[in-house]
Structure formats: structure tokens, C-alpha cells
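Count along the sequence shown from 1, then add 1282; that gives the number in the working numbering. Just so you know, even glycine gets a beta-carbon here, dropped at the ideal spot from N, CA and C. Bear in mind the structure is a predicted one, so any value in this text is a computation, not a measurement. So the structure is just underneath, and the comments pick up after that.
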Amino acid sequence: MNFLLVPDKFKGSLTAKQVIAAISRAVSDLYPQAGIYSVAASDGGDGFLDSVKSYMQVETVKIETTGPLGKKISTEYLVNPQTAEAYIELAKASGLELLSDEQRNPLLTSTMGTGIQIKDAILNGANKIYIGLGGSATNDAGLGIAAACGFTFLDEFGNSLNPIGKNLSKISTIKSSDFLKDYQNLEIYAVNDVDNPLFGPTGAACVYAAQKGAAKEDIEFLDKGLKHLHKIVKEVLGKDYAD
């Protein structure tokens, strides 16, 4: 008898490898002669880089960046120099696990730190980037990532806005990135297992903001902010990302 184990992590308790070890022990106790084969899976959240490391020939890049609240941190991403591909885990710089329960507030958190990683990967030659989504402490719609890559978000008075959740509803216009104009062939892929729309009852804020520390009124505020951002992006950039 053979067993194939393909678990993801158990969020907040065990990594995928620890789950494999626990199940393997139990299977071995019950079926000592069984063959056990395992794959550490990932849905793109915490543990994404560990899964990539297990099955691909990649190198680790250490980098100084910022956490969800702007504090300087050290983290990493992966590259495959032969294919010019990079692998980035959103949770490494923008994750819930980087904050205490008291610090969790998606009105104030940003994906800027992940954006710094992405920009670094681009400058180091990556032309295809895979970003594992999930486990984030943010609800900024990627404003921080965009800001790190050269986009500027302005209010109605022309003031630059900090790329955090509470400023979504204040955005009046967006200045495009001069940096990215030099990388027209860049491909970025989001690795995840959900298909929620940007806003609405099944949108980003209504489904996920509570687990990131948002109160009920915060969720409503963030959802309105996401809807507003969608309107601005459609007007300024001519693109519809609602779905």
C-alpha cells in the first residue's frame, strides 16, 4: 500500500513539512510496510517559498525591506538565474505573522515592503515574477507595491498619499511609473487559490479584512475605498480590475 501526502500548512500552527511529518508518523504506525510519498503544497500563502525551494533549482536573495507598518526588516525571495524568474512570498514582508494581535489594522498597513522586493528582483534581471498571495496583513489593494515601483497616488489637492488602506478613498489621480516604462516585457503572476472580486459582499475587504484586525465599520470603509480605487484606475489607466 502506498500513500501520497500533499498538504498545505495548517495556518498559525504547522508548516506543510511539519504536517507531512506528523501524518507520516501516524501512517507508519498503522501500516509499517506502506510506502509514503509527499509533496509540500502551497496555495500561495505562508510557506510558498519553502514549497518552491523543495522542487526547483533556485537561489535565495537576502534583502532589507519594510514590514506592514513600515518597520525595517530583513527577508528573502528566490531567483532562478537561468530562466530570469523570481519568486516572492507576500507574507514575508506584508504578512500577518509579522505583527502582534494589537498591531493588526488594515487601515494602516501597506504592501510597500513587498514592492521593494519586486523592484529589487526587476533590477537584478528578473523578467517573470511569481508572487505568492495570502497571509497578508494588508488591505491596500497593492498600493504599496505600486508605490515602491514608481506609481504616485494623489489626493484632490495634489498631495502625495501614503499607500495604506485608509487612503484608498482619498485618491483623486494616479501618476504612472517611469521606472516600469523600461520593462515593457515584464510578466507578473499572482499565485493564489481564490477568485474574489475587488469589492462587494464577496470582495477583498468583506471577506478578509476581519481576520486582519478590521472592525465592522472599518470593513465597510475599506470596501468603499476599494470601489473608489476601481473607479479611479478605470478613469486614469483605462483598465478594469474589479474581477
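When Cβ pairs closer than 8 Å are counted between the two stretches, the stretch 1427-1439 is seen not to touch the stretch 1350-1361, the count staying below three.
With contacts defined by Cβ atoms closer than 8 Å, Pro1388 and Leu1504 form a contacting pair. Within the stretch 1298-1343, the complete alpha helix (DSSP H) runs of at least 4 residues fall at 1298-1312, 1330-1337.
Secondary structure note for Lys1354: its beta strand (DSSP E) is the uninterrupted segment 1354-1362.
Pairing Val1343 with Val1334 gives a Cβ-Cβ distance that is not under 8 Å.
Per the C-alpha coordinates, the member of Ala1322, Asp1500, Ser1458 positioned closest to Ala1428 is Ser1458. Assigned with DSSP and collapsed to three states, Val1288 falls in coil, not helix or strand. Under the three-state reduction of DSSP, Gly1377 is assigned to strand. When the five nearest sequence neighbours on each side are left out, the beta carbons in the same chain lying within less than 8 Å of the beta carbon of Ile1514 are those of Ile1453, Ser1454, Thr1455, Ile1456, in order along the chain. Beta-bridge pairing by DSSP links Thr1455 to Leu1436. Counting along the chain, Val1473 sits inside the beta strand (DSSP E) bounded by residues 1469-1473.
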